[in-house]
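Chemist: Structure incoming, see below.
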Amino acid sequence: MNRERYAVILVYSTSYAIRAEHVLNGAGISSRLIPVPRHLSSDCGVCVRIERADQEAALNALEAASLEIEGIHEI
Amino acid sequence: MIYFDNAATSWPKPPGVAEAMVRFINDVGANPGRAGHRLAVQAGRIVYSAREAVAELFNVPDPLRVVFGHNVTEALNLALRGLLRPGAHVVTSSMEHNSMMRPLRALERQGVALTVVPCSPEGVLDPAAVEAVLRPDTVMIALNHASNVVGTLLPVADVAALARDYDLLLLVDAAQTGGAYPIDVQADGIDLLAFTGHKSLCGPMGTGGLVVGERVDVARLEPLKRGGTGSRSEHEEQPDFLPDMCESGTPNAVGLAGLDAGVRWVLERGVAAIRTHEVTLAQRLIDGLSGIRGVTVYGELDATRQTATVSFNVAGLEPSDVGLRLDEAYGIMCRVGLHCAPAAHKTIGTFPVGTVRFGLSAFNTLEEVDTALAAVGELAREAG
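Heads up: the protein sequence lines correspond to chains A and B, in order.
First residue of the first sequence? That's 7 in this note's numbering, and the numbers climb one at a time after it.
First residue of the second sequence? That's 15 in this note's numbering, and the numbers climb one at a time after it.
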C-alpha cells in the first residue's frame, strides 16, 4: 500500500465515522473506515480514510451535511 | 390463540427481526464503536443503520440526534431529569403513564413546579387548557401522544404551536404511536420524541430512545449516566456531543439489530397503510363492544381519533375475571387493571378497578376481532 495516497478525517466517534462514510458515498467519494493511527490520536475508535486528491470535495460534502469533524491529516 | 396485548409489547414480530438478531450474535458479535477492527465496524454499522431507520421513520434530519436507550421510560427520564432544574415549571396532562408521571413527581419534590392539565373523561386534552396554565417560568410541555389506556390521541400539533409561541420545549411520549401513527418531528414541531422499540416499531424489548431536536440546548442536557463511550477515550470527562454523551456503556446492539429490521419492515409496509388497517380493526372492535349489553367502552369511540387500543369493562365482572376467562376459555391474551397509568384511570373514571384492554397491531385480523367480540358477548351474557 502506498500510504502517501491517503488522508484521514478524524471524527468524534464511530457513529460520526459511519455517517461521514454515508455522506461521502452519496457525494461519489470513496472512503474506508480504519482504526485511528496512533500518532494522530489516542482515541480507540475509527476514522475515515480518503484519497488525498478528494480532500477538498470531502470537506465540502461533510460541511454541506453539517457533519462536524475533528480534523483532517495526510498520512 | 389471539394476541391482543400489543399495547404492552407487540407480537409476533415481522419476519427478519429474529434473523437479524441471530445474525448479529453469530456473525458479528463485536462491540460497536469500541475498536477499529472489521467486526467492530460492522457492529457499528448495524447500530447506525438502526439510527438511520428511526430517523427516516420520524423525519429526523440528523441520525446522530437519535439517542438509543433501553425503552421509552429511560428516554423520558433522560429528557425530564436531563433538562428540568429546580425553579422551572413543566406542564403535563392527566392521561400520562407512570413513565412520565413518576419522574415528574420526583422532580416536583426537588423543586420543579408541575401542573397536570385535566383531560375530559374520554381522555381528550383541550389545547386552550394547556395555554391557560402557562407561566413565565414554564420551560416544557410533556405529553403522551396517545393514551396507553384508551388510545385517545392528544393534540400534539396544537400544543406544538403553543410551545413555539411561548418558546417552550415539547416532549412527546410516542410509546403508543411510534410506527402505528404518522410522526414527523419537524412538521409536528416535536423537540423531544421518546420512543420504544418493542411496540409498533416491531423490535425487541430493551430498545428505545430519544430524538433530540435542534431547539434543545445539548449543553444543558444532563446525561442519566456517565461512562465509556468509545470516543474521547483520552479524557476522563464525559463527551459533550450526541449521541455519545447519552449512550455510556455497551449498548444493546443485538436488540438494535432487531430494531433496525423491525423499523425497516414498518417503513416498507408504510405507516399510513398500517394506520388504515388498525383503524379498520379498532372501529370494528369499538362498534362490536358497544353493541354488547353490559359492556362499557371508554374513550371517544372513534377509531380515527385514537390508536388501536380499546379499553372496556363488563358489568358484573372484575377486569381480572374477564382477562382470566378470555385467556383460559378462549385463548385471547389481553391486559387488565390499571396499565401503569393511575392518572388516566382517574380521568376516565375507572380508578382503582381499571379496565380490560385490547391492544391491536398490524398483525391482527378482522376475523380475530370478530372471535374476540363473540367471546366478550358470551362472558357478558353469563354475567348479566
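All C-beta atoms, glycine included, are put in the ideal place defined by N, C-alpha and C.
Taking the alpha-carbon of Val390(B) as reference, which of Ala358(B), Gly363(B), Cys348(B) has the nearest alpha-carbon?
Modeler: Cys348(B)
Chemist: Measuring alpha carbon to alpha carbon, tell me which residue in Thr321(B), Glu314(B), Glu282(B) is nearest Ala296(B).
Modeler: Thr321(B)
Chemist: Residues bridged to Gln320(B) by DSSP?
Modeler: Thr166(B)
Chemist: Secondary structure at Asp274(B), three-state DSSP: helix, strand or coil?
Modeler: helix
Chemist: Distance check for Val144(B) and Arg59(B), CA to CA, integer angstroms please.
Modeler: Between Arg59(B) and Val144(B), the C-alpha separation is close to 42 Å.
Chemist: Using alpha carbons as the reference points, say which of Arg11(A), Ser21(A), Ser37(A), Ile15(A) lies closest to Ala57(B).
Modeler: Ser21(A)
Chemist: Along the segment 19 to 49 of chain B, where does the CB come closer than 8 Å to a CB of chain A? Name the residues.
Modeler: Pro46, Gly47, Arg48, Ala49
Chemist: Please list, in chain order, all residues of the same chain as Arg278(B) whose beta carbon is under 8 Å from its beta carbon, the five residues on each side excluded.
Modeler: Gly30, Ala67
Chemist: Using Cβ-Cβ distances below 8 Å, what residues of the segment 246 to 272 of chain B are close to chain A?
Modeler: Arg246, Ser247, Glu248, Pro253, Phe255, Pro257, Asp258
Chemist: Inspect the beta-carbon positions of Ala171(B) and Asp187(B) and report whether they are closer than 7 Å.
Modeler: Going by C-beta atoms, Ala171(B) is not nearer than 7 Å to Asp187(B).
Chemist: Is there a Cβ from chain B that is less than 7 Å from the Cβ of Ile75(A)?
Modeler: Any Cβ of chain B closer than 7 Å to the Cβ of Ile75(A) would place that residue at the interface, and such an atom is absent.
Chemist: Mind checking the segment 71 to 82 of chain B against chain A and listing, in chain order, the residues whose C-beta falls within less than 9 Å of any C-beta there?
Modeler: Pro75, Asp76, Pro77, Leu78
Chemist: Would you mind reading off the limits of the alpha helix (DSSP H) that contains Thr385(B)?
Modeler: 380 to 397
Chemist: What residue ranges within the segment 82 to 129 of chain B form continuous beta strand (DSSP E) runs of no fewer than 3 residues, ordered along the chain?
Modeler: 103 to 107
Chemist: Bridge partners for Ile15(A) per DSSP, in chain order?
Modeler: Val54(A), Ile78(A)
Chemist: Taking only beta-carbon atoms, is Tyr18(A) less than 7 Å away from chain C?
Modeler: Protein chains in the displayed structure are A and B, and chain C is not among them.
Chemist: State yes or no: is the C-beta of Gly217(B) within less than 7 Å of the C-beta of Leu273(B)?
Modeler: yes
Chemist: Could you check which residue in Met109(B), Ala287(B), Leu92(B) has the C-alpha nearest to that of Pro117(B)?
Modeler: Leu92(B)
Chemist: Counting only beta-carbon atoms, is Arg59(B) nearer than 7 Å to chain A?
Modeler: yes
Chemist: Are Gly263(B) and Gly220(B) closer than 7 Å when you measure CB to CB?
Modeler: no
Chemist: Short check: CB of Leu168(B) to CB of Leu139(B), under 7 Å?
Modeler: Yes, the Cβ-Cβ distance between Leu168(B) and Leu139(B) is below 7 Å.
Chemist: For Gly244(B), return the contacting residues in chain A, with the cut-off set at a CB-CB distance below 8 Å.
Modeler: Ser19, Thr20, Cys50, Gly51
Chemist: Between Ile40(A) and the rest of its own chain, which residues show a CB-CB distance below 6 Å, the 5 nearest in sequence each way excluded?
Modeler: Arg55
Chemist: Taking the beta strand (DSSP E) that Asp187(B) belongs to, which residues open and close that run?
Modeler: 183 to 187
Chemist: Exposed or buried, what is Asp205(B) when buried is set at 16 or more other beta-carbons lying within 10 Å of its beta-carbon?
Modeler: buried
Chemist: Buried or exposed: Lys239(B), going by 16 or more other Cβ atoms within 10 Å of its Cβ?
Modeler: exposed
Chemist: Could one say the Cβ of Tyr195(B) lies closer than 7 Å to chain A's Cβ atoms, at least one of them?
Modeler: no
Chemist: In the DSSP assignment, find the beta strand (DSSP E) that holds Ala71(A) and state where it starts and stops.
Modeler: Note, Ala71(A): premise wrong, no beta strand (DSSP E); not H, not E.
Chemist: Put Ala160(B) into one of helix, strand or coil per three-state DSSP.
Modeler: strand
Chemist: Leu39(A) versus chain B: which residues are under 7 Å apart at the beta carbon?
Modeler: Val55
Chemist: If you draw a straight line from the alpha carbon of Thr361(B) to that of Leu90(B), how long is it in whole angstroms?
Modeler: 22 Å
Chemist: Excluding five sequence neighbours on each side, which residues of the same chain lie with their C-beta closer than 6 Å to the C-beta of Leu183(B)?
Modeler: So the list reads Met154, Asp205, once near-sequence residues are dropped.
Chemist: Please tell me whether Ala357(B) and Ser63(B) are closer than 7 Å, where the distance is taken between their beta carbons.
Modeler: Not in contact: Ala357(B) and Ser63(B) (Cβ atoms no closer than 7 Å).
Chemist: Go ahead and pull the three-state DSSP assignment for Gly223(B).
Modeler: strand
Chemist: Nearest to Glu62(A) by CA position, among Val52(A), Ala33(A), Cys53(A), Tyr18(A), is which residue?
Modeler: Ala33(A)
Chemist: Use the C-beta contact count for Pro75(B): other C-beta atoms within 10 angstroms, 16 or more gives buried, fewer gives exposed.
Modeler: exposed
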